[in-house]
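*Asks:* Letter 90 of the sequence shown, counting from 1, is numbered 105 in my numbering, and no numbers are missing. In this text, a Cβ means the ideal position worked out from N, Cα and C, and glycines have one as well.
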Amino acid sequence: MKTYTYTEKKDTRSGFGAGLAELGRTNPDVVALCADLTPSLKMGEFIKENPERFFQIGIAEANMMGIAAGMTIGGKIPFTGTFANFATGRVYDQIRQSIAYSDKNVKICASHAGLTLGEDGATHQILEDIGLMKMLPGMVVINPCDFNQTKAATIAIAEHKGPVYLRFGRPSVPIFTPANQKFEIGKAIQLTEGTDVTIVATGHLVWEALEASKVLNEQGISAEVINIHTIKPLDDKAIIESVSKTGCIVTAEEHNILGGLGESVARVLATQKPTPQEFIGTNDTFGESGTPAQLMDKYGLNSSSIVEKALAVIKRK
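1. Do the stretch 80 to 95 and the stretch 104 to 116 meet, that is, are 3 or more Cβ pairs less than 8 Å apart?
2. Using only CA atoms, which one of Phe98, Ile62, Ile236 lies nearest to Ala75?
3. Within the same chain, show all residues whose beta-carbon is closer than 6 Å to that of Phe69, passing over the 5 residues directly before and after it, in chain order.
4. Apart from the five residues just before and just after Phe183, which ones in its own chain have a Cβ nearer than 6 Å to its Cβ?
5. Among residues of its own chain, excluding the 5 on either side of Ser257, which ones have a beta-carbon nearer than 7 Å to its beta-carbon?
6. Out of Ala308, Ile246, Tyr19, Phe198, state which residue places its alpha-carbon closest to the alpha-carbon of Glu268.
7. In terms of DSSP beta bridges, what is Phe94 paired with?
8. Check each candidate in Met58, Asp44, Asn195 and name the one with the smallest Cα separation from Ala36.
9. Assuming Gly302 and Gly146 are in contact, meaning their beta carbons sit under 8 Å apart, how far apart are those beta carbons, in whole angstroms?
10. What's the call for Pro43, buried or exposed, on a 16-neighbour Cβ count within 10 Å?
11. Give me the DSSP bridge partner(s) of Tyr21.
12. Which residue's Cα is closest to the Cα of Asn271: Gln140, Ile321, Ile243, Gln205?
13. Assuming Val328 and Pro291 are in contact, meaning their beta carbons sit under 8 Å apart, how far apart are those beta carbons, in whole angstroms?
14. In its own chain, which residues sit with a C-beta less than 6 Å from the C-beta of Pro307, not counting the 5 before and 5 after it?
15. In three-state terms, what does DSSP make of Val188?
16. Does DSSP classify Asn65 as helix, strand or coil?
17. What residue does the beta strand (DSSP E) around Glu269 start on, and which one ends it?
18. Could you check where the beta strand (DSSP E) with Gly296 kicks off and where it finishes?
19. Count the other CB atoms within 10 Å of the CB of Tyr116; is the residue buried (16 or more) or exposed (fewer)?
20. Based on DSSP bridge pairs, tell me the residues matched to Ala216.
21. Per DSSP, which one or two residues make a beta bridge with Asp333?
22. Throw me the rounded Cβ distance for the Val265 and Trp222 pair, which I believe falls under 8 Å.
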């Protein structure tokens, strides 16, 4: 069994900042906008090197989305930056009408997503943003797993023509993907091979899935772990090929199970290959204040919960 280790932890929002800075040096059409949260979005390096290509909109997220949509008409590639709650829920009308419906080339970059926002509590811990964004026609939805993958995704979406939602977070998490990786939108990455159960994970839960696979391996269970960094368009082929071998699947995400990755996978299975499935995610609930670790444990978004669900779904085969 292939195993993964790490030597460093870093927040995925810093991966966004590093990718944006790289784009500032290589793509003159890239511009950045922020709603008064530049330190939190790690946009400082881009601003320092390209002050004329940065626009501080202030606490006016709806205006930011409209301005970004307008900039695309002149050939610019705007990257908007704010917290995930403000980047989706607060401005859904503007995104729907001015960006998605109008098919504008805006990159909606959202930090501090999910429970791992931590102590700021339920009002800021959006757990429905993936569902909101994936239902918009033409919107690409990406949720990378670590610093390196977030940097690579940030660079890659500049080449994609059309609206993109890029989701990342605040806590430091293990870096385990290669620094020189090529990010392919819509292409899942198989991290381990297995024959007994498929574990499909996204974002911060990918590392937890790898940790769960080690525990399962010690119990004689062969788990295939797949990193679904792109939730839309979903890599249907990778999912079907995997469950054709294993016969069951667990989906894991830091998001409400209603409307998230798990439901997208369930649609694929229902229409192409009905397969027993178990879900890891929050269950129709808001979050609460606490440390990221406390919240992930309380809501069952960890390796031990993935092991438990894997054992349960294997029994359903």
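*Replies:* Quick answer:
1. yes
2. What you label residue 75 is simply residue 60 of the sequence shown in a count that begins at 1. Looking at Phe98, Ile62, Ile236, the one whose alpha-carbon comes closest to that of Ala75 is Phe98.
3. Position 54 of the sequence shown holds residue 69. Excluding positions up to five away in sequence, the list reads Ala47, Ile62.
4. Translated into positions along the sequence shown, residue 183 becomes position 168. The answer, listed in chain order, is Thr27, Arg28, Phe31, Ser126, Thr165.
5. Looking up residue 257 in the sequence shown gives position 242. Answer for Ser257: Thr213, Glu239, Ile241, listed in chain order.
6. Here residue 268 refers to the residue found at position 253 of the sequence shown. Considering only alpha carbons, the answer is Ile246.
7. On the sequence shown, residue 94 is found 79 positions in, with the first residue counted as 1. Phe94 is bridged to Ala47, Lys122.
8. Taking the first residue of the sequence shown as position 1, residue 36 is located at position 21. When only C-alpha atoms are compared, the closest one is Met58.
9. For the purposes of this step, residue 302 is identified with residue 287 of the sequence shown, where counting begins at 1. For the purposes of this step, residue 146 is identified with residue 131 of the sequence shown, where counting begins at 1. Rounded, the Cβ-Cβ distance is 15 Å, inconsistent with contact.
10. Locating residue 43 in the sequence shown gives position 28, counting from the first residue. Pro43 should be labelled exposed.
11. As a position in the sequence shown, residue 21 is number 6, starting the count at 1. According to DSSP, Tyr21 bridges with nothing at all.
12. If you number the sequence shown from 1, residue 271 lands on position 256. Measuring from the Cα of Asn271, the nearest candidate turns out to be Gln140.
13. In the sequence shown, the residue the question calls residue 328 occupies position 313. In the sequence shown, the residue the question calls residue 291 occupies position 276. Val328 to Pro291, Cβ: 5 Å. Contact.
14. Here residue 307 refers to the residue found at position 292 of the sequence shown. Cβ neighbours of Pro307 beyond the five flanking positions: Thr131, Gly133, Pro186.
15. If you number the sequence shown from 1, residue 188 lands on position 173. Residue state for Val188 is assigned as strand, using DSSP reduced to three classes.
16. Here the question's residue 65 lines up with position 50 in the sequence shown. Reduced to three states, the DSSP call for Asn65 is coil.
17. For the purposes of this step, residue 269 is taken as the residue at position 254 of the sequence shown. From DSSP, the beta strand (DSSP E) with Glu269 extends over 264 to 271.
18. On the sequence shown, position 281 is the one that residue 296 refers to. Counting along the chain, the beta strand (DSSP E) containing Gly296 begins and ends at 292 to 297.
19. Translated into positions along the sequence shown, residue 116 becomes position 101. Tyr116 should be labelled exposed.
20. Translated into the one-based positions of the sequence shown, residue 216 becomes position 201. Ala216 pairs with Asn242, Ala267.
21. In the structure as shown, the chain starts at 16 and stops at 332, and residue 333 therefore has no counterpart that could be examined.
22. Residue mapping note: residue 265 aligns to position 250 of the sequence shown, counting from 1. Residue mapping note: residue 222 aligns to position 207 of the sequence shown, counting from 1. Actually they are not in contact, since the Cβ atoms of Val265 and Trp222 sit about 15 Å apart, beyond 8 Å.
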